[in-house]
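A short worksheet on the structure shown next.
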Amino acid sequence: MHPTPGTDDAPTVQVLAFDIFGTVVDWHGSIVREMRALYPAVDGDAFALAWRAGYQPAMARVMQGGQPWTLIDDLHRAILDEILPQFGLAHLSEAERAHLNRVWHRLDAWPDSVQGLTRLKKRYLITSLSNGNIGLLTHMAKRAGLPWDCVLSAEVFKAYKPSAEVYLGAARIFNLAPAQVMLAAAHHDDLAGARACGLRTAYVERPHEFGAARPKDVSPQPGNDLHARDLNHLADLLGC
C-alpha cells in the first residue's frame, strides 16, 4: 500500500476524479430495469451486455482514425441500431430509439454513491472524468443527485480514456501536478492509464457491475494507492 494521499512524502491530493459507468452508476442494473419496463419480452441482461460490449470497439475505431471524433451518445446509438434486430426490436421508431438511447442519461447511482461523494466533497474538489459526453453526464448527475463540483468529460480533450490526454488534461484544467489528482475507478485499465501519467489511484470494488450472476474479481492489485469497498469506504480512507 502506498502512502495515504497528503502524507509528507507525497504531494497533497486536491482533486478526486471519478470514472462513472460502473464506478459511480450501475449501468447494467439500470438498463435491465429499463428493458423490463419498456420491452418485458426482451432478455434485459443479455441486451445490456450486448450494448456495452460494443463500447470499446467503437471507441477504438475513433482513436485509430477509422471515424472522426464522436460523442459517446452517438456511439451508443450506433451500437443500439446494430443490436436491435438481434433482440426482435428492429421495428422501433426513431422516437423510440432516441428515448432508449438516452437510458445512459438515466442510469441509477450505486446505493453508496451520493452519500460517499457528498462526504468526499467536503474535503476535496470532486469531478467526473468519464468517456461519457458532457450532456450525458450532466443529465445523469441532475437525475441521480450526483453532487459534482465539475463535470469533466473526455469530450473536452477529444480523446477517450485510457489516453494520456484525458488524465493529464484533467490535471491541467485545475492547474495541478498530476500527483495532486486521484482517479477513483472500478476498472484496472483506467487506473493503470492514470498511474502512467503520474496520477494517484483508488480502486473501487463493484463486484456486480455486470450483474449479480457475473461477479467480478475485485481483489487488490499492486500499484493502486487505495482500495475501497465503495465510496463511503473511500471517504473513510481519505478521512472525510
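Sequential numbering from 26 applies to the sequence shown in this note's numbering. All C-beta atoms in this analysis are idealised placements derived from N, C-alpha and C, irrespective of residue type, glycine included.
> So what's Leu150 in DSSP terms, helix, strand or just coil?
Replying inline: strand
> Going by beta carbon distance, what residues of the same chain come within less than 7 Å of Leu161, once the five residues before and after it are set aside?
Replying inline: Ile97, Asp98, Trp129 and His130
> Quick one: Cα of Arg122 to Cα of Leu177, how far?
Replying inline: 27 Å
> Do the segment 69-82 and the segment 38-58 meet, that is, are 3 or more Cβ pairs less than 8 Å apart?
Replying inline: yes
> Between Leu41 and Tyr192, is the Cβ-Cβ spacing less than 8 Å?
Replying inline: no
> CB-CB under 8 Å to Arg86, same chain, minus the five flanking residues each way: which ones, in chain order?
Replying inline: Gln92
> Is the Cβ of Ala196 closer than 8 Å to any Cβ of chain D?
Replying inline: Looking for chain D here will not work: only one protein chain is present.
> Sorted by chain position, which residues of the same chain lie with C-beta nearer than 6 Å to Trp135's C-beta, five sequence neighbours on each side aside?
Replying inline: Asp51
>> Taking the beta carbon of Glu180 as the centre, do at least 16 other beta carbons fall within 10 Å, making it buried, or is it exposed?
In response: With 16 or more Cβ atoms within 10 Å of its Cβ, Glu180 is classed as buried.
>> If we require 3 or more residues per run, which beta strand (DSSP E) segments fall completely within the segment 108-166?
In response: Complete beta strand (DSSP E) runs here, min 3: 150-155.
> What residues in its chain sit with their C-beta under 7 Å from that of Ile45, if we drop five residues either side in the sequence?
Replying inline: Ser153, Ser155, Gly157 and Leu162
> Quick one: is Ser138 buried, meaning 16 or more other Cβ sit within 10 Å of its Cβ, or exposed?
Replying inline: Around the beta carbon of Ser138, 16 or more other beta carbons lie within 10 angstroms, which makes this residue buried.
> What is the rounded straight-line gap between the Cα of Gln89 and the Cα of Ala184?
Replying inline: So the two alpha carbons sit approximately 11 Å from each other.
> Hey, out of Ser244, His258, Leu224 and Ala211, whose CA is closest to Val266's CA?
Replying inline: This structure does not reach residue 266, given that the chain is present from 26 up to 265, and the question cannot be answered.
> Roughly how many angstroms lie between the CA atoms of Arg232 and Asp255, to the nearest whole one?
Replying inline: Note that residue 232 corresponds to Pro in the displayed sequence, not to Arg. Their backbone Cα atoms lie some 10 Å apart in a straight line.
> By how many angstroms is the C-alpha of Arg225 removed from the C-alpha of Pro247?
Replying inline: 13 Å
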